[in-house]
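The numbering of the sequence shown is this note's numbering, which starts it at 5 and goes up by one. Cβ coordinates follow ideal geometry from the N, Cα and C atoms, glycine included. Report on the following structure.
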Amino acid sequence: MRRSSLILSALLMAGLALPATSALAQSRRQNPDDQQQEEAAKKKKRDAEFGDTQAPLPQLRNAGPCPFVKVLYDASRYVEFKGDQETSANVIYSGEIQSISAGCAYKSTDPITVEMDILFALGRGPQATSSTKTYRYWVAVTQRNMSVIAKQYFDLPVRFAEGEDRTYVTDSIKHLVIPRASMTTSGSNFEVLVGFDVTPKMADFNRLGKRFRLDAGSNLPAGDPNPK
Numbered sequence: 005m006r007r008s009s010l011i012l013s014a015l016l017m018a019g020l021a022l023p024a025t026s027a028l029a030q031s032r033r034q035n036p037d038d039q040q041q042e043e044a045a046k047k048k049k050r051d052a053e054f055g056d057t058q059a060p061l062p063q064l065r066n067a068g069p070c071p072f073v074k075v076l077y078d079a080s081r082y083v084e085f086k087g088d089q090e091t092s093a094n095v096i097y098s099g100e101i102q103s104i105s106a107g108c109a110y111k112s113t114d115p116i117t118v119e120m121d122i123l124f125a126l127g128r129g130p131q132a133t134s135s136t137k138t139y140r141y142w143v144a145v146t147q148r149n150m151s152v153i154a155k156q157y158f159d160l161p162v163r164f165a166e167g168e169d170r171t172y173v174t175d176s177i178k179h180l181v182i183p184r185a186s187m188t189t190s191g192s193n194f195e196v197l198v199g200f201d202v203t204p205k206m207a208d209f210n211r212l213g214k215r216f217r218l219d220a221g222s223n224l225p226a227g228d229p230n231p232k
């Protein structure tokens, strides 16, 4: 309502008085063609007074493609075990990066700005002693298939509801800036990688593609890990 009042006040200050009832009645008796011409002339005068003669501003478009955004396979899952036994009965906490949606914007010589929504599936295992857990993950920018340019870590605090052993959380990165050497440098020269902060042993577990059977840890001899 306040915005409408401000617009109305601005119109009145500019001398655009509202038409009186007699003027409206008179306009109804005019020839339709004459009335249209009169309205067009009034609109042209208003546009000139307000300087509204330019075409709408064009939408900004990227100067090229966006960087490649993907999950690093070796760090795509987080599985924390109690001791060295890789069985489902020994899992403390687990997590998996389910998906990433991303977009970017840049033009002229501006840097590339990337935004991302990262969906995490997180679990609390049989050996967990708390309903809260702070996961840590990172986002890295690299020259495509080459060295890392920058890497930043993020904490993801999670609370599992009472009686629940899993939850889903979406974390958003709103302003990831990638400088460009020149205006001819496109986003396709870069990659944005995402992964959990894992130990070398966790990375090896992921790299080998190990997965548990549904009955893992129940029908096996004690201390005999057999993930697949």
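Beta-carbon within less than 7 Å of residue 169's beta-carbon, same chain only, minus the 5 sequence neighbours each way: which residues are those?
Around residue 169: 127, 128.
Going along the chain, which residues of its own chain have a beta-carbon closer than 6 Å to the beta-carbon of residue 77, five neighbours each way excluded?
Same-chain partners within the cutoff: there are none.
Test item: CB-CB of residue 94 and residue 131 under 9 Å
In this structure, residue 94 places its C-beta atom within 9 Å of the C-beta atom of residue 131.
Specify, as a first and last residue, the run of the beta strand (DSSP E) that residue 159 falls within.
If you look at residue 159, you'll find it in the beta strand (DSSP E) that goes 152–163.
Rounded to a whole number of angstroms, what is the C-alpha to C-alpha distance between residue 81 and residue 173?
Just so you know, the alpha carbons of residue 81 and residue 173 end up roughly 14 Å apart.
When you compare only the Cα positions, how much space is there between residue 233 and residue 149?
In the structure as shown, the chain begins at 5 and stops at 232. Residue 233 is therefore absent and cannot be evaluated.
Paired residues, beta bridge with residue 175 - DSSP
122, per the DSSP bridge assignment.
Enumerate in chain order the residues of its own chain whose CB-to-CB distance from residue 137 is below 6 Å, with the five nearest sequence positions on each side excluded.
Excluding the 5 residues flanking it on each side, residue 137 has same chain C-beta neighbours closer than 6 Å at 97, 162, in chain order.
Beta bridge counterpart(s) of residue 194 as assigned by DSSP
Residue pairing by DSSP places residue 194 opposite 147 in a beta bridge.
Name the one or two DSSP bridge partners that residue 77 has.
In the DSSP output, where bridge partners are listed per residue, residue 77 has none listed.
Run through the DSSP bridge pairs and tell me what residue 180 is partnered with.
Beta-bridge pairing links residue 180 to 118.
Of the residues 185, 159, 181, 141, the one placed nearest residue 1, counting alpha carbons only:
For the chain, the structure presents residues 5 to 232; residue 1 sits outside this window and is missing.
Measure the C-alpha to C-alpha separation of residue 89 and residue 192 and round it to an integer number of angstroms.
Near 42 Å, if we compare the C-alpha coordinates of residue 192 and residue 89.
Counting only the same chain and skipping the five closest in sequence on each side, list residues whose C-beta sits under 7 Å from that of residue 156.
These residues qualify, in order along the chain: 142, 143.
Per DSSP, the bridge partner or partners of residue 233:
Absent from the structure is residue 233, since the part of the chain shown begins at 5 and ends at 232.
Helix, strand or coil for residue 205? Go by DSSP, reduced to three states.
The answer is helix: DSSP assigns residue 205 an H, G or I state.
Below 9 Å between beta carbons: does that hold for residue 119 and residue 206?
Contact: no.
Within 10 angstroms of its Cβ, does residue 166 collect 16 or more other Cβ (buried), or is it exposed?
So residue 166 ends up on the exposed side.
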